[in-house]
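264 is the number that full-length UniProt numbering gives to position 264 of the sequence shown; each next residue is one higher, with no gaps.
Beta carbons are placed, not taken as given, at the ideal position from N, Cα and C, and that holds for glycine.
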Amino acid sequence: MTLLNSCKASQSCEDEKRSGRLYLFPFSLYNFNVSFFLLPHLLHFLLLFLSFTFLLFIINPQLFCKFYAESLIFREDCSWKRRVVVVAMEEEPSQLRRAAIHAFAGAISGGISRTVTSPLDVIKIRFQVQLEPTSSWTSLRKVLSTPSKYTGMFQATKDIFREEGIRGFWRGNVPALLMVMPYTAIQFTVLHKLKTFASGSSKPENHVNLSPYLSYVSGALAGCAATVGSYPFDLLRTILASQGEPKVYPTMKSAFVDIFRARGFPGVYAGLTPTLVEIIPYAGLQFGTYDTFKRWAMEWNHLHYSTTTEEDNLSSFQLFLCGLAAGTCAKLVCHPLDVLKKRFQIEGLQRHPRYGATVEHRAYRNMPDALRRILQAEGCAGLYKGIVPSTVKAAPAGAVTFVAYELTSNWLESILT
């Protein structure tokens, strides 16, 4: 019996063919969905390549710049080639010291921001991983469904405090810190190097005048590099923060062992594709708008103050407002992608029944399929679950991160230079 006849005789194969997971021949009828199915994976590998490329940019900037100067620039008198060579030759102890300062300041700012906003992050995750529609959406559609455990931000806060105590709001904070400190360290370091590459100068004051487009691209690429380097801790953070009491996973180790047993090594990076797809617009918007707001604040200072010192150095309050606005803008645009990411992260893992249905293993074939299923089951509101705590969290998180980073880096610069 041929493979095709065997599949016809097998109900499981029929199911796989209907779902688009089985492709017998390159030009078979079922191969119509191949390009649609492979698109997220191709994007995944492309983003991984870009991320690892810019991780190389951190490790050995001279080799990186030399390679691109020799392989991508064809005209001997091209200004871009001269810029690349200048940046490569500028790598000296002062440059390495600057890189260390940006890495340390990024790690400190990320740790402070994550700890301060952890309660809002826990509430946001509880909403995002709950499959049941909220009560208001259920009544609007007039359908019967299992009532959701969390229906509003204040109700969720009260329930978490009553059932889990004050410690419940910092559930998963240890892996969150293990994730966010290397994440922000890598992110700010790569961002500084990219801006140095684009402007031809390593001085931060010369980076403010970069175009918003370059700030957006630099932020997006820095976010990709940081995501790949710290993703397993992000996954553990989501899993531990989404569980309530009684705990399914009492420790990070038990969660990691269950992930590895249920999914294998690829499970440690479950949800990486939607995460990378999310981080490009999110990090790009966050850093791009932050630089734009800083430039506007400097122009405002220029109109109201006569001394260059007051014009160039923004106050902590001005930096806070710039970070607040940047974090809010980025989160409002990218929240649906964050919901998709969380669903992929908890796919197939255990959860106590009181917190609602679990996401079955391989419930979503890819991102478009996940988007379609969420819209069918939960409506448009499903893509914006947790938007209130997410926005409330994003504003202070962005503000605290940028202020702590600027103050820490300036303090270190004053000590070491």
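What do you get for E406, buried or exposed, if any count of 16 or more other CB atoms within 10 angstroms of its CB means buried?
-> On the sequence shown, position 406 is the one that residue 406 refers to. Burial call: buried.
Please list, in chain order, all residues of the same chain as A397 whose beta carbon is under 7 Å from its beta carbon, the five residues on each side excluded.
-> Reading the sequence shown from its first residue, position 397 is the one you call residue 397. Result list for A397: S113, T117, G327, in chain order.
Is the CB of R295 under 8 Å away from at least one CB in chain B?
-> The structure shown contains no chain B, having only a single protein chain.
Where I123 sits in the DSSP three-state scheme = Against the sequence shown, residue 123 aligns to sequence position 123. Reduced to three states, the DSSP call for I123 is helix.
Where A345 sits in the DSSP three-state scheme = Position 345 of the sequence shown, counted from the first residue, corresponds to residue 345. Reading off the sequence shown, one finds Gln at residue 345, where the question assumed Ala. Reduced to three states, the DSSP call for Q345 is helix.
Note down, in chain order, each residue of its chain lying with its Cβ closer than 8 Å to the Cβ of A262, except the 5 sequence neighbours on either side.
-> Here residue 262 refers to the residue found at position 262 of the sequence shown. Cβ neighbours of A262 beyond the five flanking positions: G348, L349, H361.
Exposed or buried, Y213, counting other C-beta atoms within 10 Å across all chains shown (16 or more means buried)?
-> Position 213 of the sequence shown holds residue 213. Exposed is the call here.
Relative to the C-alpha of F233, which residue among E163, N173, A222, S215 is closest?
-> The sequence position of residue 233 within the sequence shown is 233, counting from 1. F233 has its Cα closest to that of N173, out of E163, N173, A222, S215.
When K341, D121, A404 are compared against F317, the one with the closest alpha-carbon | Counting from one through the sequence shown, the residue named residue 317 turns up at place 317. That would be A404, whose Cα lies nearest to the Cα of F317.
Stretch-stretch touch, CB-based, cutoff 8 Å, three pairs: the segment 218-227 with the segment 119-129 | no
Are the segment 179-196 and the segment 155-167 in contact at 8 Å, needing three or more beta carbon pairs?
-> no
Tell me whether the beta-carbon of residue 441 lies closer than 8 Å to the beta-carbon of I166.
-> The requested residue 441 does not occur in the structure, where the chain is confined to residues 1 to 417.
Where the alpha helix (DSSP H) containing T251 begins and where it ends = As a working mapping, residue 251 is identified with position 251 in the sequence shown. Neither: T251 is in no alpha helix (DSSP H) and is coded neither H nor E.
If I'm right that G288 touches S215 with Cβ under 8 Å, what's the distance once you round it to whole angstroms?
-> Along the sequence shown, one-based indexing puts residue 288 at 288. Along the sequence shown, one-based indexing puts residue 215 at 215. Rounded, the Cβ-Cβ distance is 4 Å, consistent with contact.
Could you check what DSSP says for G382 in three-state terms: helix, strand or coil?
-> The residue you call residue 382 lines up with position 382 of the sequence shown. G382 falls in the helix class under three-state DSSP.
Would the beta-carbon of A105 fall within 8 Å of that of L412?
-> One-based indexing of the sequence shown puts residue 105 at position 105. One-based indexing of the sequence shown puts residue 412 at position 412. Yes, the pair counts as a contact, with Cβ atoms nearer than the cut-off.
CA-CA distance, F154 and I415?
-> Position 154 of the sequence shown, counted from the start, is the residue given in the question as residue 154. Position 415 of the sequence shown, counted from the start, is the residue given in the question as residue 415. F154 and I415: Cα-Cα distance of roughly 45 Å.
Segment contact, 8 Å Cβ cut-off, at least three pairs: the segment 266-277 with the segment 326-344 | yes
N- and C-terminal bounds of the alpha helix (DSSP H) containing L272 = On the sequence shown, position 272 is the one that residue 272 refers to. Segment 272-304, the alpha helix (DSSP H) holding L272.
Rounded straight-line distance, which links the Cα of S254 to that of S372 = Position 372 of the sequence shown, counted from the first residue, corresponds to residue 372. Position 254 of the sequence shown, counted from the first residue, corresponds to residue 254. Ser is not the amino acid found at residue 372; the sequence shown has Arg there. The straight-line gap from Cα to Cα measures roughly 33 Å.
Hey, would you say P133 sits closer than 8 Å to E378, going by beta carbons?
-> The sequence position of residue 133 within the sequence shown is 133, counting from 1. The sequence position of residue 378 within the sequence shown is 378, counting from 1. Cβ atoms of P133 and E378: closer than 8 Å.
What do you reckon, are the CB atoms on T408 and I186 nearer than 8 Å?
-> For the purposes of this step, residue 408 is taken as the residue at position 408 of the sequence shown. For the purposes of this step, residue 186 is taken as the residue at position 186 of the sequence shown. No.
Inter-residue Cα distance where the pair is residue 433 and L303 = Only positions 1 to 417 of the chain appear in this structure, which leaves residue 433 out of reach.
Over what stretch of residues does the alpha helix (DSSP H) that includes L407 continue unbroken?
-> For the purposes of this step, residue 407 is taken as residue 407 along the sequence shown, with counting starting at 1. Element bounds for L407: 387-416.
Near A176, which residues of its chain fall below 6 Å by C-beta distance, leaving aside the five closest residues on each side in sequence?
-> To locate residue 176, count along the sequence shown from 1; it is residue 176. R114, R237, listed in sequence order.
Between L285 and V333, is the Cβ-Cβ spacing less than 8 Å?
-> Walking along the sequence shown from the start, residue 285 turns up at place 285. Walking along the sequence shown from the start, residue 333 turns up at place 333. Taking 8 Å as the Cβ cut-off, L285 and V333 qualify as a contacting pair.
If you check the beta carbons only, do P281 and S230 fall under 8 Å apart?
-> By one-based count along the sequence shown, residue 281 stands at place 281. By one-based count along the sequence shown, residue 230 stands at place 230. No, Cβ-Cβ distance for P281 and S230 is not below 8 Å.
Below 7 Å CB to CB, which residues in the same chain sit around V400 once its five sequence neighbours on both sides are set aside?
-> For the purposes of this step, residue 400 is taken as the residue at position 400 of the sequence shown. So the list reads I112, S113, V116, once near-sequence residues are dropped.
By Cβ distance below 8 Å, which residues in the same chain neighbour M252 in space, the five residues on each side in sequence not counted?
-> Here residue 252 is taken as the residue at index 252 of the sequence shown, counted from 1. Taken in chain order, the residues that qualify are V174, P175, L236, L240.
How is the alpha helix (DSSP H) around residue 418 delimited, first residue to last?
-> Any answer about residue 418 is impossible in this case: the structure gives the chain only from 1 up to 417.
Pull up the distance between the alpha-carbon of T151 and that of A381, whole angstroms please.
-> As a first step, residue 151 is located in the sequence shown; it is residue number 151 there, counting from the start. As a first step, residue 381 is located in the sequence shown; it is residue number 381 there, counting from the start. Approximately 12 Å, taken between the alpha carbons.
State the CB to CB distance for the pair R351 and V257, rounded to an integer number of angstroms; the pair is presumed to be in contact (CB under 8 Å).
-> Here residue 351 corresponds to residue number 351 of the sequence shown, with the count starting at 1. Here residue 257 corresponds to residue number 257 of the sequence shown, with the count starting at 1. Actually they are not in contact, since the Cβ atoms of R351 and V257 sit about 17 Å apart, beyond 8 Å.
Cα-Cα, which of H102, L340, R295, T184 is closest to A370?
-> The residue given as residue 370 occupies position 370 in the sequence shown. Ranking the options by Cα distance to A370, first place goes to L340.
Within 10 angstroms of its Cβ, does F402 collect 16 or more other Cβ (buried), or is it exposed?
-> Indexing the sequence shown from 1 puts residue 402 at position 402. Answer is buried; the Cβ neighbour count reaches 16.
Give the secondary structure of Y150 by DSSP, where H, G and I count as helix, E and B as strand, and everything else as coil.
-> Within the sequence shown, residue 150 is the residue found at index 150, counting from 1. Of the three classes helix, strand and coil, the one that applies to Y150 here is coil, per DSSP.
Helix, strand or coil at K193 according to DSSP, with G and I counted as helix = Position 193 of the sequence shown, counted from the start, is the residue given in the question as residue 193. Correct three-state label for K193: helix.
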